[in-house]
């Protein structure tokens, strides 16, 4: 248990401690540190921890364990520490969970209203995740394309796990958030404005911006499918198609940001 407590449990507990210390130094948050708001912040941690346990369960299953083995998590981490990536993956999952919780809890503390704070946190993350479609494209330009071309010219196939995770799973998740924001903005009577919810509505109603992000999402998915199935036909043709997709992505992104 010594390794688990020293290298895992203590760093996890330091993250909520960091957020609390940050609230003490931010005047709007410091003024709203009350027993009610602190209880609301702790209560907000429950759905985040449940989500973390779900993803930890997925990680355990990938390594031959079952979801019931979550009860033996300290023991499993001790056994796999330094030998399998599992322990590091679990550490990252729970660590990121506390980071995301802290962002939502900070919005709650700054606004001083649990409902408004949660809505503000949802607004911030919705806009960030919607724009992550562009981030996926940027990762393709910087990493996916060079590595794919290198593997294709060596006679190998691109990294399938990387393509599936980036261009299919993550890309489709961020696209779903973008579509949800667009639909809510179009069918909501909430006015566009300077408040967080109003800014989210304004973002969702920008047709040209949303259209460009959806185009990038489609190109991201097309890149992944071409990289996954193209090498079976022709590696040279696949390399050409992947390069052309990236050229079109760059043109769409340029028009979106500077057009």
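In the working numbering, the protein residues as written are 557 to 815. Just so it is clear, CB atoms sit at the ideal spot from N, CA and C, and this is done for glycine as well. Owing to the predicted nature of the structure, the values given are computational and were not obtained by experimental measurement.
Bounding residues of the alpha helix (DSSP H) (the contiguous stretch that carries residue i)
i: residue 763; result: 763-785
i: residue 614; result: 591-618
i: residue 671; result: 670-695
i: residue 744; result: No alpha helix (DSSP H) holds residue 744; DSSP gives it neither H nor E.
i: residue 699; result: Counting along the chain, residue 699 falls outside any alpha helix (DSSP H), and DSSP gives it neither H nor E.
i: residue 652; result: 641-667
i: residue 854; result: Any question about residue 854 goes unanswered here, given that the chain covers just 557 to 815.
i: residue 813; result: 791-814
i: residue 816; result: Not covered by the structure: residue 816. The range shown for the chain is 557 to 815.
i: residue 719; result: 716-719
CA nearest to the CA of residue i, picked from the options
i: residue 590; options: 659, 618, 669 and 613; result: 669
i: residue 690; options: 564, 561, 812 and 557; result: 812
i: residue 605; options: 709, 572 and 622; result: 572
i: residue 657; options: 709, 707 and 598; result: 598
i: residue 778; options: 734, 762, 814 and 692; result: 692
i: residue 758; options: 745, 770 and 741; result: 741
i: residue 772; options: 790, 679, 791 and 724; result: 724
i: residue 621; options: 746, 660 and 643; result: 643
i: residue 584; options: 673, 638 and 704; result: 673
i: residue 655; options: 601, 700 and 564; result: 601
i: residue 733; options: 722, 770 and 803; result: 770
i: residue 579; options: 760, 603 and 667; result: 667
i: residue 801; options: 747, 735, 641 and 694; result: 694
i: residue 697; options: 558, 784, 586 and 803; result: 803
i: residue 722; options: 637, 784, 624 and 630; result: 784
i: residue 712; options: 603, 789, 563 and 581; result: 789
C-beta atoms of residue i and residue j nearer than 8 Å
i: residue 566; j: residue 612; result: no
i: residue 799; j: residue 786; result: no
i: residue 615; j: residue 646; result: yes
i: residue 632; j: residue 609; result: no
i: residue 809; j: residue 797; result: no
i: residue 726; j: residue 775; result: no
i: residue 682; j: residue 737; result: yes
i: residue 560; j: residue 634; result: yes
i: residue 699; j: residue 588; result: no
i: residue 568; j: residue 661; result: no
i: residue 705; j: residue 677; result: no
i: residue 761; j: residue 748; result: yes
i: residue 791; j: residue 708; result: yes
The ligand ZN heavy atom lying under 7 Å from the CB of residue i
i: residue 637; result: Among the components modelled here there is no ligand, and therefore nothing to report on the ligand ZN.
Contact between the stretch 766-784 and the stretch 684-704 (3+ Cβ pairs under 8 Å):
yes
Practice task
Answer yes if the stretch 743-756 comes into contact with the stretch 711-718, meaning at least three C-beta pairs across the two stretches below 8 Å, and no otherwise.
Solution key: Cβ pair count under 8 Å is below three, so no.
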